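Numbering (our numbering), first residue to last: 1431 to 1509.
A quick write-up on the structure given underneath.
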Amino acid sequence: MMDTLTYRAVIDKTQIGFLNSVIESYEGIAVVRTMDAPSGIIELWIPPAFEDLVQQILQDIAAEIGLQSCYQARYRLSS
């Protein structure tokens, strides 16, 4: 069983696909889920080993994706 960090973020709804592409390009660092597309609410499932890298990526592209808020929601346990 592996622990997974769950982050919620609000971004510009037109940038959800871009963020997903950026995260996918790093292969395995996180999964992006759209929770509410019209509001731009997304969720990131992140293995703890990649938390710092994902945070750095979000900081680097925050202005481009219109990042309004980002917080750790909870741990998700996956089997």
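The C-beta atom is built at its ideal place from N, Cα and C for all residues, glycine as well.
Remember, it's a predicted structure, so these values are computed and weren't measured experimentally.
Contacts around residue i, its chain only, beta-carbon distance under 8 Å, and the 5 residues preceding and following it disregarded
| i | result |
| --- | --- |
| A1479 | none |
| K1443 | A1467, P1468, S1469 and G1470 |
| A1492 | none |
| E1494 | Q1445 and F1448 |
Same chain only: Cβ atoms within 7 Å of residue i, ignoring 5 sequence neighbours per side
| i | result |
| --- | --- |
| A1460 | I1453, L1474, W1475, I1476, F1480 and V1484 |
Within 8 Å, strictly: CB atoms of residue i and residue j
| i | j | result |
| --- | --- | --- |
| Y1456 | Q1502 | no |
| I1472 | L1449 | yes |
Neighbourhood of residue i by C-beta distance below 6 Å, restricted to the same chain and skipping five residues each side
| i | result |
| --- | --- |
| A1439 | I1472 and C1500 |
Whole-number beta carbon distance between residue j and residue i, since they are thought to touch under 8 Å
| i | j | result |
| --- | --- | --- |
| L1510 | I1446 | As shown, the chain starts at 1431 and ends at 1509. That puts residue 1510 outside it, with no answer to give. |
Margin query: Quick check for students: name the residue ranges of the beta strand (DSSP E) that lie wholly in the stretch 1467–1501, counting only runs of 3 or more.
Written below: 1471–1476
Legend entry - Length at least 3, wholly inside the stretch 1438–1469: the beta strand (DSSP E) runs in chain order: 1461–1466
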